[in-house]
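Single-structure report; data block below.
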Amino acid sequence: MRVILPDGKELELEEGATGLDAARAIGPKLAEQAVLVRSNGAVRDLRLPLADGERIQILTTRDRQDPDALYVLRHSAAHLLAEAARRLYPGTMVAIGPPIENGFYYDFEFPEPVGEEALVRLEHEIRRQIDEGREWERWELERDEARRYFEQQGEPFKVELVDTAEGEVSFYRQGEFVDLCRGPHLQNAKPIRALKLLSLAGAYWRGDERNKQLTRVYGTAFYDPKDLQEHLDRLEEAKRRDHRRLGKDLHLFDFSNLAPGMPLWHPRGMVIWNILEDFRRRENVRRGYQEVRTPQLYDSDLWRTSGHWEKYQEHMFRLEIEGRDFGLKPMNCPGHCLLYSLLPKSYRELPLRLAEAGNLHRNELSGVLHGLLRVRHFVQDDAHLYCAHDQIQDELSACLDYAYFLYELFELEIRVELSLRPDDKLGTDEEWDFAESQLEQVLAARGLAYSRSEGEGSFYGPKIDLHMADSLGRSWQLGTVQLDLQMPKRFGLTYQGADNAEHTPAMIHHALLGSLERFIGVYLEHTGGDLPVWLAPEQVRILPVSDAHVEKAEALAGELRERGMRVALDDRSETLGRRIREAELEKIPYVVVWGERESRDALAVRRRHGEQSMESLEALLEELQAAAMV
664 MRVILPDGKE LELEEGATGL DAARAIGPKL AEQAVLVRSN GAVRDLRLPL
714 ADGERIQILT TRDRQDPDAL YVLRHSAAHL LAEAARRLYP GTMVAIGPPI
764 ENGFYYDFEF PEPVGEEALV RLEHEIRRQI DEGREWERWE LERDEARRYF
814 EQQGEPFKVE LVDTAEGEVS FYRQGEFVDL CRGPHLQNAK PIRALKLLSL
864 AGAYWRGDER NKQLTRVYGT AFYDPKDLQE HLDRLEEAKR RDHRRLGKDL
914 HLFDFSNLAP GMPLWHPRGM VIWNILEDFR RRENVRRGYQ EVRTPQLYDS
964 DLWRTSGHWE KYQEHMFRLE IEGRDFGLKP MNCPGHCLLY SLLPKSYREL
1014 PLRLAEAGNL HRNELSGVLH GLLRVRHFVQ DDAHLYCAHD QIQDELSACL
1064 DYAYFLYELF ELEIRVELSL RPDDKLGTDE EWDFAESQLE QVLAARGLAY
1114 SRSEGEGSFY GPKIDLHMAD SLGRSWQLGT VQLDLQMPKR FGLTYQGADN
1164 AEHTPAMIHH ALLGSLERFI GVYLEHTGGD LPVWLAPEQV RILPVSDAHV
1214 EKAEALAGEL RERGMRVALD DRSETLGRRI REAELEKIPY VVVWGERESR
1264 DALAVRRRHG EQSMESLEAL LEELQAAAMV
């Protein structure tokens, strides 16, 4: 058989040859360094047979920063962790251990609780395994045989996983440890040159709080120790930038155990919130959106019509009132469909663009709540556009215009992902073919590069997901633009066309910043709390040197407020140096010192990050107003 190499050359191999055989045919050094084969764009274990005509790329230890090469390295490191846990803590039962972004984890049921000291012991044991030269072996069994094997081993979690498998089940062995696994894995442990176990956490089996709580051990691994050190440095910086810490230090928001997953906003935090909300409303008016307001609570009949009662019920807060089932809304779209159905519509009124910053509630598991990034109560900058099919391209393009306008305002770099039909989709393949092609067309027309994410679309339609890369290189999903042909049909929505016949509109969902809570959390971490002047809760702080200067400092503060600036006066009896330092820690963009030498024509101005100058009041106002414009 023949396979095609990246340079287009063909390689002759025997029938049934594996990726490793292909590497050996090219050269012994390549075979020694090979970690993975990419076959027709998909990752595959080196031990698996290739098919005639496949395009292959063999990844090696030299591809140390390739995501797929890191994936297989970390997957193998997770298996070494499981072997170490079984050896050091006899009686430990193993659950699952996948690679994840920037690392890996493994879930265990230890015979006794373990603490942070276990990380050092486990890491030392993994290094011993690497030094011994662990190698991975792969084989397959029929499901019944696999089940019997894990029953004999006393591994109930693996038995449960086998029960959900179909056909033959694959195994990997390294040393004395055998794991149920699809792979891929390294040939041996030699490439794992840099490894660190990071933390412990609780995790429910299969993410269900009704199941046992297990101990999750997190770690990371790299091919090169320098890459590991850079990653650890980024983690330290991420701790300093943690939005939960910044929220408390900058007096923006807080949380209470009395309302899990529901932030309490301080006045300074509400300044940021209101600026974003006011800007959203102004921009919506400029772009032809109409603001609406819809109920928080709906009868389950609405959710059954939309499909959410069937597909999303576990994430909803449900109530029974006077014998009727109700649900708090987790999203605005069904309510907007209900509203559309109550309005008179003709083709002349389309596209109809409805916007709402609606309060939403989602029943997230307590274990996944994380500051503002994963909450139970949030507000989303939602909009739903109803249009004729021949308006879809223009409306999608306008949505992307709006999105990129916002992201440029915040100076964000965006990566585009096209999320395609999931297994539990509503509607026909023909409808999905049309919807997906519409999204592909608008991305092509705008010249936007994108990746495809199979199975990640919503159950009612495909979507364009917009991800930002933050200052630490992490990726966050912000906006989404979805094309939905299902909900208008399920709600019986129509409009009268130019032909006087009834037609079903298409529906476009978009949330561009997404949840305002989540956006604020992400943006705080991206900026480290150094918000742009226009978004800063306090733009100027005035510091009188002594009591003798308070009156003039108050007059200056009043004048700046009249010009629309957000100003505070700090006339406490603390030393000037301490007050300056506190203003720096609170990320105040401008600090103005007023003493004997200062006047309207000579203000001592300190900008963020230490820049100092003497400015006239008019020059300062001009600079402030330019920086504060949005």
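Following the working numbering, the numbering of the sequence shown begins with 664 at its first residue and continues without gaps.
Note that beta-carbon positions come from the ideal geometry of N, C-alpha and C, so glycine has one too.
As the structure is a prediction and not an experimental result, all values here were calculated from the model.
- Distance between Ala922 and Gln976, taken at the CA atoms: about 21 angstroms.
- Taking Trp928 as the centre and dropping the five residues before and after it, the same chain places the C-beta of Phe916 and Trp936 closer than 7 angstroms to its C-beta, in chain order.
- For the pair Leu1156 and Leu1059, the Cα-to-Cα distance works out to about 20 angstroms.
- With respect to the 8 angstroms criterion, Arg1224 and Pro1252 are not classified as neighbours on the basis of their beta carbons.
- Taking Pro776 as reference, the option from Thr878, Val700, Trp799 and Leu736 with the minimal CA-CA separation is Thr878.
- Leaving aside the five residues that flank Gly1192 on each side, the residues in its chain whose CB is nearer than 8 angstroms to its CB run, in chain order, Arg904, Leu909, Asp912, Leu913 and Lys1250.
- When DSSP reads this structure, Gly1136 sits in no beta bridge, so it has no partner.
- Around the beta carbon of His971, a 10 Å sphere encloses 16 or more other beta carbons of the protein chains shown; the residue is thus reported as buried.
- If you draw a straight line from the Cα of Leu1075 to the Cα of Trp868, it is about 37 angstroms long.
- Apart from sequence neighbours up to five positions away, the residues of its chain that approach Leu785 with a beta-carbon distance below 8 angstroms are Leu744, Ala747, Ala748, Leu751, Leu860 and Val880, ordered along the chain.
- Judged by DSSP secondary structure, Lys992 falls outside any beta strand (DSSP E); it is assigned neither H nor E.
- Taking a C-beta distance under 8 angstroms as the contact criterion, Arg1204 and Asp1233 qualify as a contact pair.
- Annotation for His1040: the continuous beta strand (DSSP E) segment containing it runs His1040 to Cys1050.
- Counting every other CB atom within 10 Å of its CB across the protein chains shown gives Leu843 a total of 16 or more, marking it as buried.
- For Thr1143, the closest C-alpha among the options Asp1128, Val783, Ala1211 and Arg1153 is that of Asp1128.
- For Phe885, same chain residues with a beta-carbon under 6 angstroms away, outside a window of 5 residues either side, are Ala857 and Leu891 in chain order.
- For Gly1184, the enclosing alpha helix (DSSP H) has its first and last residue at Leu1179 to Thr1190.
- According to DSSP, Trp1197 shares a beta bridge with no other residue.
- In summary, Lys821 is buried, with 16 or more beta-carbon neighbours lying within 10 Å of its beta-carbon over all protein chains present.
- Ranked by how close their Cα comes to the Cα of Glu899, the residues Ser1100, Ala705, Leu713 and Glu1188 have Glu1188 in first place.
- Arg1271 is bridged by DSSP to nothing; it lacks a bridge partner.
- The three-state secondary structure of Glu800, taken from DSSP, is strand.
- Val666 and Ala714 have their C-alpha atoms spaced approximately 8 angstroms apart.
- The C-alpha of Leu965 is placed about 13 angstroms away from the C-alpha of Pro1151.
- The beta carbon of Pro1085 lies closer than 8 angstroms to those of Gly1118, Glu1119, Gly1120, Ser1121 and Phe1122 in the same chain, with the five residues before and after it left out.
- If only uninterrupted beta strand (DSSP E) runs of at least 3 residues are considered, those enclosed by the segment 1211-1240 are 1230-1232.
- DSSP, read as helix, strand or coil, puts Glu839 in coil.
- A buried status is given to Phe840, since no fewer than 16 other beta-carbon atoms sit within 10 Å of its beta-carbon.
- Counting only unbroken stretches of 4 or more residues, the alpha helix (DSSP H) elements lying wholly within the segment 1073-1121 are 1092-1108, in sequence order.
- Between the beta-carbon of Cys1062 and that of Leu1013 there is about 15 angstroms, and that puts the pair past the 8 angstroms contact cut.
- Rounded to the nearest whole angstrom, the C-alpha separation of Leu683 and Ser1114 is 28 angstroms.
- Counting only residues of its own chain and dropping the five nearest sequence neighbours on each side, Glu677 has a CB closer than 8 angstroms to the CB of Met664 and Asp684.
- Under the Cβ criterion (8 angstroms, minimum of three pairs), the segment 932-946 does not count as touching the segment 799-808.
- Among the bridge pairs identified by DSSP, Glu1071 is matched with none.
- Sixteen is the threshold: when 16 or more other Cβ atoms of the shown chains lie within 10 Å of the Cβ of Asp1147, as they do, the residue is buried.
- Shown here, Asp917 sits in a strand according to DSSP, grouped into three states.
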